[in-house]
Each structure stands twice: as structure tokens, then as C-alpha cells.
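> Pasting a structure below so you can have a look.
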Amino acid sequence: MAKEENKKNWFRRGVVLGTVAATIYILSNKKCRTKIVDSVSDCKEQTKHWVTVIKENREPFMQQIKESGDKISRVVEDASEDIQTLVETSKHMKEHTQSLLRALQETKDEFESLSSRLKSNQLIESSATELLSTSDEDDIVGKQ
């Protein structure tokens, strides 16, 4: 912390010394003083000019600012409506996806049920066929 304080103090001293040196140079150099005075005068005149222009034309400036604000408000409002539409559409898509998933699950269950029924029917048919063929063999053996 002490090092940081020393750096801050050193920086402050440098700024103060630089300001003093610049002030001495400006005060001792007539050409530099004249340029600074002329620049400050020009800045003052430009500021007065723009203040006068704004005062005289306040209404157009205010109208332009109001129109710009209205445009921004409309754009934000349109964007808000678009976002609302997107949110509603995404909700509908989610509902459709859930309905589709339920339909697919029901279809899968139906196919599994049908498959198990077909397998049990095939077992019954194969058992019946085996029984019939066994009884036919018994009849054939019995007739012989």
C-alpha cells in the first residue's frame, strides 16, 4: 500500500509541475499567449452562435427530436409485437411436438400389441398345426 501511495503522490507532483511549467511557458511566450486568447475567443463566438441558432430554431429542433423519438418508439413496439408472436409460435410448436410424441408413443404401443398378438396367433396356429399333424399321424398309424 505504501508503494501505491508513493506512486500516486509522484503522479500528482508530476501533474502539478507540468501544469506550472506549461503556465510559465504560456505566460512567457507572447505568440503562444496570443494563439490561446484567439482560440478561446473563437470558441466563445462559436458557442454563442450555436446557442443563438438553437434558440431561434428551437421548434424545428424539438420537432426533429420528437419525430426521432416517435420512430424509435414505433420500432421498439413493432419488435415487441414480433417477439410476442415468436413466443406464441414457439408455444404452439411445443404443443404440436408434444402431441406428435404422444401419437408416436401410441403408435408404438399399438404395433407392439399387434406384434404380440400376431406372435400368440402364430403360436396357436403352430400348436394347432402340430396337434393336427400329430393326430393325423396317429390316425394313419392306427389305420395301418
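All residue numbers for the sequence shown refer to numbering that gives the first Met the number 0, where the first residue is 0 and numbers rise by one.
All C-beta atoms in this analysis are idealised placements derived from N, C-alpha and C, irrespective of residue type, glycine included.
(1) Straight-line CA distance for Thr106 to Thr128?
(2) For Asn56, name the three-state secondary structure that DSSP assigns.
(3) Reducing DSSP to helix, strand and coil, say where Asn28 ends up.
(4) Could you tell me the alpha carbon to alpha carbon distance between Phe10 and Glu44, rounded to whole angstroms?
(5) Could you tell me the alpha carbon to alpha carbon distance between Glu3 and Gly13, rounded to whole angstroms?
(6) Using a threshold of 8 Å, state whether the C-beta atoms of Ile25 and Arg32 are closer than that.
(7) What number of angstroms, rounded off, separates the C-alpha of Val19 from the C-alpha of Ser27?
(8) Roughly how many angstroms separate the alpha carbons of Gln97 and Glu109, rounded to a whole number?
(9) Suppose you measure from the CA of Val140 to the CA of Glu124; what does that come to, to the nearest Å?
(10) Looking at Ile53: is its Cβ nearer than 8 Å to the Cβ of Phe60?
Taking the definition as stated:
(1) 32 Å
(2) coil
(3) coil
(4) 36 Å
(5) 15 Å
(6) yes
(7) 12 Å
(8) 18 Å
(9) Reliability of the predicted coordinates at Val140 is poor, the pLDDT of 49 falling under 50, and the value obtained from them is presented with this limitation in mind. Computed Cα separation, rounded: 24 Å.
(10) yes
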